[in-house]
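Before any comments, here is the structure.
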Amino acid sequence: MNSLLLSGPESLLPYLLVSACLFAAGILACTTRRNAVGYLMGIELMLNAAALDFVAYGRFRGLEAAGHGQVFSLFVIVLAAAEAAVALALVYSVYRTFRDVDLDRTTTLGSKR
Amino acid sequence: MNLELFLFWPLCALTVVGALSTALARNLVYAALALGVTLAGVSGLYFFLQAEFLAAVQLTVYVGGILVLILFGVMFSRDILGQSQRPSKRVLGLGILSSLVALVAMVRTALAIPAAAGLSGERSAPSAWIGNFSPNTSSHLGDLLATTYLVPFLTIAVLLTVVLVGALVLVRKEGE
Numbered sequence: 000m001n002s003l004l005l006s007g008p009e010s011l012l013p014y015l016l017v018s019a020c021l022f023a024a025g026i027l028a029c030t031t032r033r034n035a036v037g038y039l040m041g042i043e044l045m046l047n048a049a050a051l052d053f054v055a056y057g058r059f060r061g062l063e064a065a066g067h068g069q070v071f072s073l074f075v076i077v078l079a080a081a082e083a084a085v086a087l088a089l090v091y092s093v094y095r096t097f098r099d100v101d102l103d104r105t106t107t108l109g110s111k112r
Numbered sequence: 000m001n002l003e004l005f006l007f008w009p010l011c012a013l014t015v016v017g018a019l020s021t022a023l024a025r026n027l028v029y030a031a032l033a034l035g036v037t038l039a040g041v042s043g044l045y046f047f048l049q050a051e052f053l054a055a056v057q058l059t060v061y062v063g064g065i066l067v068l069i070l071f072g073v074m075f076s077r078d079i080l081g082q083s084q085r086p087s088k089r090v091l092g093l094g095i096l097s098s099l100v101a102l103v104a105m106v107r108t109a110l111a112i113p114a115a116a117g118l119s120g121e122r123s124a125p126s127a128w129i130g131n132f133s134p135n136t137s138s139h140l141g142d143l144l145a146t147t148y149l150v151p152f153l154t155i156a157v158l159l160t161v162v163l164v165g166a167l168v169l170v171r172k173e174g175e
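In order, the protein sequence lines correspond to chains A and B. For the first sequence, numbering that gives the first Met the number 0 gives the first residue as 0, with consecutive numbering after it. For the second sequence, numbering that gives the first Met the number 0 gives the first residue as 0, with consecutive numbering after it.
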């Protein structure tokens, strides 16, 4: 434990633990939030956890693997941006129909009766 | 103790605390701001991993772009800090249970890695820390994007165009 504390950024374990906490918090947000935007925040947390894992594993494998890991993370970030844009457009569209973005109330496919 | 450690552990703690309050804060605006703290913290961890380009991208795209989008989205919810943001006891219990299961699974995997690689000790995970990369990885990243990952790179460019058009179509008023 003490050696871990002292090696700090030069050991893989802290990154993996932070990533695990991020992923768990993302699941918690996705399961408990009733608001569509809160749900989206949970998804962003989980994507970040995955990206951090890619970079961390790559970093501890040498320069070649570090590049591959970072490319994957770059794609994750770009996809997250695209997903956020589409999700926000959907949230706006849902808001126009239901006047609310509460996931428990948006229960019909078409316009609200 | 060196300066790196003094920066590293608080950064880890800040990232985790930010993530937890993103999940648990009752006020959605606070949750969005906590998400910003977490994203900036992950960017700091990228700096520690010597992924400078990725850290910069994380700051500009996530903190500068996605977070602002999310804050816009928060403004659509009817009551941001009221009763409707509080999950029921049952849902909260199920959520905590499922996230704990995921956490335990991931932590067990993380702890098992040195053993699986046939190495001993926490310091020597897949392979030991390799000193500083001497040119930084950004140029290497550019090479990879232009050679090995050229097709995914172009595909993602097309995808972004589709997303741009799709988002515009989604927010367009019907009949316009």
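Positions of the beta carbon are idealized from the N, C-alpha and C atoms, including for glycine.
Subject >> Spatial distance of P8/A from A49/A (CA atoms) >> reply: Here the C-alpha atom of P8/A lies approximately 18 Å from the C-alpha atom of A49/A.
Subject >> Cβ shell of R58/A (< 6 Å), same chain only, five flanking positions each side left out >> reply: Result list for R58/A: A65, in chain order.
Original post:
Should G37/A be labelled buried (16 or more other beta-carbon atoms within 10 Å of its own) or exposed?
Top reply: By the neighbour-count criterion, in which 16 or more other beta carbons inside 10 Å mark a residue as buried, G37/A falls on the buried side.
Original post:
In whole angstroms, what is the alpha-carbon distance linking S18/A and L51/A?
Top reply: Approximately 6 Å between the Cα atoms of the pair.
Original post:
Taking 9 Å as the CB-CB limit, is L129/A close to chain B?
Top reply: Given a span of 0 to 112 for chain A in the structure shown, any question on residue 129/A remains unanswerable.
Subject >> Among T136/B, G35/B, W8/B, nearest to S20/B - alpha-carbon criterion >> reply: Distances from the CA of S20/B to each of T136/B, G35/B, W8/B were compared; the closest alpha carbon is that of G35/B.
**OP:** Consider the Cβ of A115/B: report whether some Cβ of chain A lies at a distance smaller than 9 Å.
**Re:** With a pLDDT of 49 at A115/B, under the threshold of 50, the modelled position of this residue cannot be trusted, and the question is left open.
Original post:
For the putative contact between I76/A and Y61/B, defined by C-beta atoms under 8 Å, what is the C-beta separation to the nearest angstrom?
Top reply: About 7 Å separates the two Cβ atoms, so the contact holds.
Subject >> Amino acids of chain B, ordered along the chain, whose beta-carbon sits closer than 9 Å to that of V54/A >> reply: Identification of chain B residues near V54/A by a Cβ-Cβ cut-off of 9 Å yields L44, Y45, L48, A50, L53, ordered along the chain.
Subject >> V150/B at chain A interface by Cβ criterion, 9 Å >> reply: For V150/B, the closest Cβ of chain A is not nearer than 9 Å.
**OP:** Consult DSSP for D101/A and reduce its assignment to one of helix, strand or coil.
**Re:** If DSSP states are grouped into helix, strand and coil, D101/A belongs with the strands.
Original post:
If we count the other Cβ atoms within 10 Å of its Cβ and call it buried at 16 or more, is N23/A buried or exposed?
Top reply: Correcting the residue identity first, residue 23/A is Ala in this sequence and not Asn. Classification of A23/A: buried, given that the 10 Å Cβ count is 16 or more.
Original post:
Quick one: what's N1/B bridged to in DSSP?
Top reply: N1/B is not bridged by DSSP to any residue.
Original post:
Distance, Cα to Cα, S87/B vs V85/A?
Top reply: About 29 Å.
Subject >> Close-in-space but distant-in-sequence residues of the same chain around D103/A (CB under 6 Å, 5 per side omitted) >> reply: Take D103/A, set aside five residues on each side of it, and the residues of its chain with a beta-carbon closer than 6 Å to its own are R33, in chain order.
Original post:
At what residues does the alpha helix (DSSP H) containing R58/A begin and finish?
Top reply: Boundaries of the alpha helix (DSSP H) around R58/A: 35-58.
Subject >> Closer than 8 Å at the beta carbon, the chain B residues around I26/A >> reply: Neighbours of I26/A in chain B, taken as residues whose beta carbon is under 8 Å from its own, are G94, S97, S98, A101 in chain order.
**OP:** Quick one: measure Cβ to Cβ for G25/A and L44/A, integer angstroms, because I've assumed they're closer than 8 Å.
**Re:** Between G25/A and L44/A the beta-carbon gap is near 3 Å, inside 8 Å, which marks them as a contact.
**OP:** Would you mind stating whether G41/A and A22/B have Cβ atoms separated by less than 9 Å?
**Re:** Taking 9 Å as the Cβ cut-off, G41/A and A22/B qualify as a contacting pair.
**OP:** Measure from the C-beta of T106/A to each C-beta in chain B and report whether the shortest distance is under 9 Å.
**Re:** Look at T106/A: its C-beta is not under 9 Å from any C-beta on chain B.
**OP:** Determine the extent of the alpha helix (DSSP H) in which V73/B is found, giving its start and end residues.
**Re:** V73/B: member of the alpha helix (DSSP H) spanning 66-73, first to last residue.
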